[in-house]
Amino acid sequence: MQIAPILIVCAVVFALPLVLNNDFLLNKVARYLVLGILTISLALSWGFGGILNLGQAMSFGIGSYAMAMALKLKTIPVHTGSGGLPDFMVWNNVARLPWFWEPFKSISFAIAAGIIVPALVAAGLGWFIFRSRVTGVYVSIITLATMVVLNLVIIDQQSYTGGFNGITDLAQLELFGIAFDAYGRATFYLVATCVMLSLLVAFAFTCSRAGLIVQAIRDHEGRVRYFGYDVATYQIFVFALSAAIAGLAGMLYTIVMEFASPTFLGVQLSLSVVVWCAVGGRQSLVGSFLGAVLVAGMQGALSESAAFLETWTLVMGVLFVLVVLFLPKGLAGLAQVAWHWIVHRRQVTQGIAHGVGRTREGSA
Amino acid sequence: MDQFFEQIITGLSIGSILLLVALGLSIIYGSMGIINLAHGEFVMLGAYTAWLLQSHFGLGLLASLIPIFVAVALIGWVIERFVLSLLNNRPLDTILATWGVGIVLQQGVRLTVGSELRYVQLPPSLSDSMVIVGLSVSSYRVFLFLVTIVLFAVTWLLMNRTTIGMKLRAIMQDRSVAASFGINAKRVYGLTFAYGAGLAGLAGALVSPLKSVSPDMGTGYVVDAFMVVVLGGVQSLAGTVASAFILGQLSGAIAFLQNDTVAKALVLLAIVVLIRFRPEGLFTTRVRA
Amino acid sequence: MTTHLDLRDISVSFNGFKALNGFNMSVRKGELRCLIGPNGAGKTTALDIICGKVKPTAGTVTFDGAALHELEEHEIARAGVGRKFQVPSVFRDLTVAENLEVARAGRPGVWANLRWDLGQARRPNVERLAELVGLAEQLDRPAAYLSHGQTQWLEIGMLVAQDADLILMDEPTAGMTAQETRKTAELFGRLKGKHTLVVVEHDMGFVKAIGDIISVMHMGQLLAEGTAAQVEAHPEVRRAYLGSGGITNA
Chain A
3 MQIAPILIVC
13 AVVFALPLVL
23 NNDFLLNKVA
33 RYLVLGILTI
43 SLALSWGFGG
53 ILNLGQAMSF
63 GIGSYAMAMA
73 LKLKTIPVHT
83 GSGGLPDFMV
93 WNNVARLPWF
103 WEPFKSISFA
113 IAAGIIVPAL
123 VAAGLGWFIF
133 RSRVTGVYVS
143 IITLATMVVL
153 NLVIIDQQSY
163 TGGFNGITDL
173 AQLELFGIAF
183 DAYGRATFYL
193 VATCVMLSLL
203 VAFAFTCSRA
213 GLIVQAIRDH
223 EGRVRYFGYD
233 VATYQIFVFA
243 LSAAIAGLAG
253 MLYTIVMEFA
263 SPTFLGVQLS
273 LSVVVWCAVG
283 GRQSLVGSFL
293 GAVLVAGMQG
303 ALSESAAFLE
313 TWTLVMGVLF
323 VLVVLFLPKG
333 LAGLAQVAWH
343 WIVHRRQVTQ
353 GIAHGVGRTR
363 EGSA
Chain R
663 MDQFFEQIIT
673 GLSIGSILLL
683 VALGLSIIYG
693 SMGIINLAHG
703 EFVMLGAYTA
713 WLLQSHFGLG
723 LLASLIPIFV
733 AVALIGWVIE
743 RFVLSLLNNR
753 PLDTILATWG
763 VGIVLQQGVR
773 LTVGSELRYV
783 QLPPSLSDSM
793 VIVGLSVSSY
803 RVFLFLVTIV
813 LFAVTWLLMN
823 RTTIGMKLRA
833 IMQDRSVAAS
843 FGINAKRVYG
853 LTFAYGAGLA
863 GLAGALVSPL
873 KSVSPDMGTG
883 YVVDAFMVVV
893 LGGVQSLAGT
903 VASAFILGQL
913 SGAIAFLQND
923 TVAKALVLLA
933 IVVLIRFRPE
943 GLFTTRVRA
Chain D
4 MTTHLDLRDI
14 SVSFNGFKAL
24 NGFNMSVRKG
34 ELRCLIGPNG
44 AGKTTALDII
54 CGKVKPTAGT
64 VTFDGAALHE
74 LEEHEIARAG
84 VGRKFQVPSV
94 FRDLTVAENL
104 EVARAGRPGV
114 WANLRWDLGQ
124 ARRPNVERLA
134 ELVGLAEQLD
144 RPAAYLSHGQ
154 TQWLEIGMLV
164 AQDADLILMD
174 EPTAGMTAQE
184 TRKTAELFGR
194 LKGKHTLVVV
204 EHDMGFVKAI
214 GDIISVMHMG
224 QLLAEGTAAQ
234 VEAHPEVRRA
244 YLGSGGITNA
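Protein chains in written order, with the numbering used here: chain A, 3 to 366; chain R, 663 to 951; chain D, 4 to 253.
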């Protein structure tokens, strides 16, 4: 059981505000942590389930819009026109609040929807894909195409979704009397708590028998069937669980960024998540999380200068190809090898020549 | 009636460009099982090579075609040799790798040539138009259509009437058996990928006078071309032709009737449904799994 | 005794090639049935039909009254059918212990398997199984690192773990040493009675060592059935094997 790295990472995350005394910086870090949660969700479906979802940002985007819709409706009457309509609807001559906006007047509904809707959408899509035994590359294409369709629809339906601009000018989230200012500590701790929750839930799943069976399906889908497991059900389950976590990340992203945008369910972000996950280690929850935080963080640091950013993209491309070629387990795999080597050497020098490196590959 | 013919001719013109781009993708996918996400970047490289040869060396488009084919094919060969050949039996990783390669190529061009739009001149001999069934059609589009047919014929002959094509088909059937008969799979794969890349380069060069040239111009093409391959069936060149022209006509019609967003969304939904219900494509017969 | 497994008039064709052509076979409960025949006779296809990997174009498969040909693979497995493949099929990235754990599919649903209790509780079971197939020392090694023979053993162990009523074995001793083959024969001896086994084999010595009744297949049909001596004396069998040096060298 490799829960130690998870606990260490969580402890570090919670301790960050003690070191970072700058609200602006804290907000930036919170952003990267959220992207880390999104990447954990991909590690679950790709690294453990073997399902390369190239539309992972779809669930993220749905979560983000769910939160943004609720927070927009909370701005009444500042950023709304007559009858409590969001400003962009007024500009687009919408007379009444559309029916699917109504329930978002309740913040609890929005939070539930931000997790459950992505999970249900994923379950439906998963049913469509896995029941007919579509596998491998084709799954990736279907997920990518579906996300782009949703993205196009959101941009196209400007009067209901804010279109290309997304949903902006939001209220602050308030829960249990705490206001979550994007630049405040409360928000940072909210994000940190969700990082911990996501890591622990994902870890618990990978340690369960169901998680083991999902990994067996990744290795040899056909074989699992002949033991009596309904493969599609397991795939749908891990696909939906992954989407739920991505939806949670999306909601947090809206809180941290203070808007929702169609780019949140864009191809660019979706593919970036794949890069982070691959670099960090797709078969490692902590690895994929750190991969996202480090790579996205570095990109953020360099984005001050446009020329740097272009070069950075080139460097990332090269790095990504190298990781795919030579480090299929990413930096986490490298760390694991290094750790074994250290432990092994110490044991040899101490003259204890047995029981080397009993680990389960692929956990934590 | 005129409008109908005009629509048909537009469709044929779109279809020939689609086929040009899809042909290379289809060869690579059908024979090596690699979904080459860098294919759009090969198209882009072809267009840039055309621009470079024209603006810096004064070479006309027609005279540049062969050098462009060779140059892009060489890049393709290098990529196959040093990246893809290391990824045997890891299909998911090959899409990731080709995608990464695509980013590198695109960024490389952006950093060296810049991201501003570039333009390629039409060959003077083809800049007028001709009259077909009572309609005025640009000569260059007719030329494009003919070149596409010639390239398709050459590809078909290469695959079906030459030793290298025969070897490739043997490897497609069973790589290890082919290897035991002395076929050098590595070399054949390298040449196949190079040929597919070269075709993409030609496609890019040929469309460059019609559209502006930019580092990200390939992205749109790869989606459409992939749709052609999926629709046509992976191992059927004839299916690729049929689907390229069907899609050409369809997108012509949809663009005429609907707005662009709806057209794009419909194409993507069609891909999804097609993969789900006929992953082997519309124009191939089912075989033993 | 009543029939346990019954294949009736099974036909399968691949692109016009008839792999099975009106094949019939019935097996009693607890029996160990060997299936032999020249290459291309349809032995593996017969197993594929039983476990649902291939659907028959005509004919029926019944097992304890259930119509297997109407079920999906996982439903057939739940009905009590286990299968070992010709090419050893294990989960290469999982450890030996995990492979055995996956095979113990008592409750195959997702929700039933969400409990977080991997490790302690079931360990003795897994260890006993590993002992049985001689992999006790390898419990924590990924299956990818096992030798060919060990992989064969692991898959056999997984079938024992699955505890299916009917076990289908496709060339279980391929790639094993003489000693390992003898051990396999012993294991099969212990399994029969409690389980029903259908074993496809080429090694006639092994077949004679384990089999009660032998079914001989030829060109997608049942050619003969009986004890080893009866089958060897059968004139049609001799003719089918003519040129391949007789049945013992098949």
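We put the beta carbon where it would ideally sit given N, CA and C, even for glycine. Keep in mind it's a predicted model, so treat the numbers as computed, not measured.
>> Between which residues of its own chain and G860(R) is the CB-CB distance below 6 Å, once the five residues before and five after are set aside?
In response: Counting from one through the second sequence, the residue named residue 860(R) turns up at place 198. Hits under 6 Å: F731, V734, A735.
>> Could you check whether the stretch 57–68 of chain D touches the stretch 98–112 of chain D, counting it as contact only if at least three pairs of C-beta atoms, one from each stretch, sit closer than 8 Å?
In response: no
>> Restricting to Cα atoms, I'd like to know which of A206(A), I144(A), A204(A) is closest to V929(R).
In response: In the second sequence, residue 929(R) corresponds to position 267, counting from 1. Among A206(A), I144(A), A204(A), the Cα nearest to that of V929(R) belongs to I144(A).
> Thinking just about the alpha-carbon of each residue, which of G863(R), G852(R), M821(R) is nearest to the one in A900(R)?
Replying inline: What you label residue 900(R) is simply residue 238 of the second sequence in a count that begins at 1. Out of G863(R), G852(R), M821(R), M821(R) has the C-alpha closest to the C-alpha of A900(R).
> Nearest to L117(D) by CA position, among L37(A), H346(A), R211(A), is which residue?
Replying inline: Within the third sequence, residue 117(D) is the residue found at index 114, counting from 1. It is R211(A) whose Cα lies nearest to the Cα of L117(D).
>> Please classify D12(D) as buried or exposed, where buried requires at least 16 other C-beta atoms within 10 Å of its C-beta.
In response: Here residue 12(D) refers to the residue found at position 9 when the third sequence is read from its first residue. Under this definition D12(D) is an exposed residue.
> Along the chain, where does the beta strand (DSSP E) that runs through T3(D) open and close?
Replying inline: This structure cannot speak to residue 3(D), because chain D is shown only from 4 to 253.
> At what residue ranges does the stretch 740–802 of chain R contain a whole run of the beta strand (DSSP E), taking only runs of 3 or more?
Replying inline: 791–794, 797–800
> Should the stretch 39–50 of chain D be regarded as contacting the stretch 75–85 of chain D, the criterion being three or more beta carbon pairs within less than 8 Å?
Replying inline: no
>> When you compare the CB of N18(D) with every CB in chain A, is at least one pair closer than 8 Å?
In response: Counting from 1 along the third sequence, the entry for residue 18(D) is found at position 15. Judged by the 8 Å Cβ criterion, N18(D) is not in contact with chain A.
>> Using only the alpha-carbon positions, how far apart do A366(A) and V320(A) sit?
In response: In the first sequence, the residue the question calls residue 366(A) occupies position 364. In the first sequence, the residue the question calls residue 320(A) occupies position 318. Residue confidence for A366(A) is low, a pLDDT of 37 falling below 50, so the modelled location carries little weight; the figure read from the coordinates is stated next. Approximately 27 Å between the Cα atoms of the pair.
>> Please report the distance separating the alpha-carbon of G252(A) from that of G63(A).
In response: Along the first sequence, read from residue 1 onward, the residue named residue 252(A) stands at position 250. Along the first sequence, read from residue 1 onward, the residue named residue 63(A) stands at position 61. One C-alpha to the other measures close to 6 Å.
> For R110(D), does the count of other Cβ atoms within 10 angstroms reach 16, so buried, or fall short, so exposed?
Replying inline: Position 107 of the third sequence, counted from the start, is the residue given in the question as residue 110(D). Exposed.
> Residues of chain A with CB under 9 Å from R938(R), in chain order?
Replying inline: Residue numbering aside, residue 938(R) sits at position 276 when the second sequence is read from its first letter. Ordered by position in chain A, the residues that pass the 9 Å Cβ test against R938(R) are F130, I131, S134, V136, Y140, I144.
> Should V113(D) be flagged as near chain B, meaning a C-beta pair shorter than 8 Å?
Replying inline: Among the protein chains in the structure shown, which are A, R and D, there is no chain B.
> What is the rounded straight-line gap between the Cα of D755(R) and the Cα of A280(A)?
Replying inline: Looking up residue 755(R) in the second sequence gives position 93. Looking up residue 280(A) in the first sequence gives position 278. Computed Cα separation, rounded: 10 Å.
> What residues in the stretch 92–108 of chain D bring their beta carbon closer than 7 Å to a beta carbon of chain A?
Replying inline: S92, F94, R95, D96, L97, T98, E101, E104, V105, A106, A108
> Counting contacts by CB-CB distance shorter than 8 Å, is L8(D) in contact with chain A?
Replying inline: Along the third sequence, one-based indexing puts residue 8(D) at 5. No, because no Cβ of chain A sits closer than 8 Å to the Cβ of L8(D).
>> Let me see if you follow: with CB-CB separation under 8 Å, is R743(R) close to chain A or not?
In response: Within the second sequence, residue 743(R) is the residue found at index 81, counting from 1. Judged by the 8 Å Cβ criterion, R743(R) is not in contact with chain A.
>> Nearest by alpha-carbon distance to L329(A): which of S286(A), A245(A), L316(A), T195(A) is it?
In response: Locating residue 329(A) in the first sequence gives position 327, where the first residue counts as 1. Taking only the C-alpha atoms, the option nearest L329(A) is S286(A).
>> List, in chain order, every chain A residue whose beta-carbon is nearer than 7 Å to that of N27(D).
In response: Position 24 of the third sequence holds residue 27(D). Result: empty, since nearest Cβ-Cβ is about 24 Å, beyond 7 Å.
> What residue range is occupied by the uninterrupted beta strand (DSSP E) comprising R86(D)?
Replying inline: Taking the third sequence and counting its residues from 1, one reaches residue 86(D) at position 83. Where R86(D) is concerned, the enclosing beta strand (DSSP E) stretches over 84–87.
> Skipping 5 residues on each side, what residues in its chain have a beta carbon closer than 7 Å to that of F190(A)?
Replying inline: Mapped onto the first sequence, residue 190(A) falls at position 188. Closer than 7 Å at Cβ, skipping near neighbours: P19, L28, A32.
>> So that I know if they touch, is there some Cβ in chain R lying closer than 8 Å to that of T315(A)?
In response: Taking the first sequence and counting its residues from 1, the one referred to as residue 315(A) is at position 313. Yes - at least one Cβ of chain R is within 8 Å of the one on T315(A).
>> For N846(R), count the other beta carbons within 10 Å of its own beta carbon; 16 or more makes it buried, fewer makes it exposed. Which is it?
In response: By one-based count along the second sequence, residue 846(R) stands at place 184. So N846(R) counts as exposed.
> Tell me, which residues are paired with C1(D) by DSSP?
Replying inline: Since the first and last residues shown for chain D are 4 and 253, residue 1(D) lies out of range.
> For a contact meaning CB atoms closer than 9 Å, what does A759(R) contact in chain A?
Replying inline: Within the second sequence, the letter at position 97 stands for residue 759(R). Near A759(R) (Cβ distances below 9 Å), the residues of chain A are F322, V323, V326, L327.
> Which whole-angstrom value describes the C-beta separation of V804(R) and Q716(R), a residue pair presumed to lie in contact below a C-beta threshold of 8 Å?
Replying inline: As a first step, residue 804(R) is located in the second sequence; it is residue number 142 there, counting from the start. As a first step, residue 716(R) is located in the second sequence; it is residue number 54 there, counting from the start. Contact doesn't hold; Cβ gap of about 22 Å is too wide.
>> Strictly by DSSP, which residues pair up with A181(A)?
In response: Translated into positions along the first sequence, residue 181(A) becomes position 179. E176(A).
> Listed in chain order, which residues of the stretch 152–169 of chain A have Cβ atoms closer than 8 Å to some Cβ of chain R?
Replying inline: L154, V155, I157, D158
> Closest Cβ-Cβ distance between G49(A) and chain R: below 8 Å?
Replying inline: Walking along the first sequence from the start, residue 49(A) turns up at place 47. Answer no: the Cβ-Cβ gap between G49(A) and chain R never drops below 8 Å.
> What residue range is occupied by the uninterrupted alpha helix (DSSP H) comprising Q182(D)?
Replying inline: The residue labelled residue 182(D) in the question sits at position 179 within the third sequence. 181–194 is the extent of the alpha helix (DSSP H) around Q182(D).
> Who pairs with S16(D) in a beta bridge, going by DSSP?
Replying inline: Translated into positions along the third sequence, residue 16(D) becomes position 13. Partner(s): K21(D).
>> Quick check on the DSSP output: the beta strand (DSSP E) that includes M172(D) runs from which residue to which?
In response: For this step, residue 172(D) is matched to residue 169 along the third sequence. Counting along the chain, the beta strand (DSSP E) containing M172(D) begins and ends at 169–173.
> What are the complete alpha helix (DSSP H) segments, minimum 4 residues, inside the stretch 47–134 of chain D?
Replying inline: 76–81, 99–106
> In angstroms, rounded to a whole number, what distance separates the CA positions of P105(A) and V297(A)?
Replying inline: Here residue 105(A) refers to the residue found at position 103 when the first sequence is read from its first residue. Here residue 297(A) refers to the residue found at position 295 when the first sequence is read from its first residue. Each residue's Cα considered, the two are about 37 Å apart.
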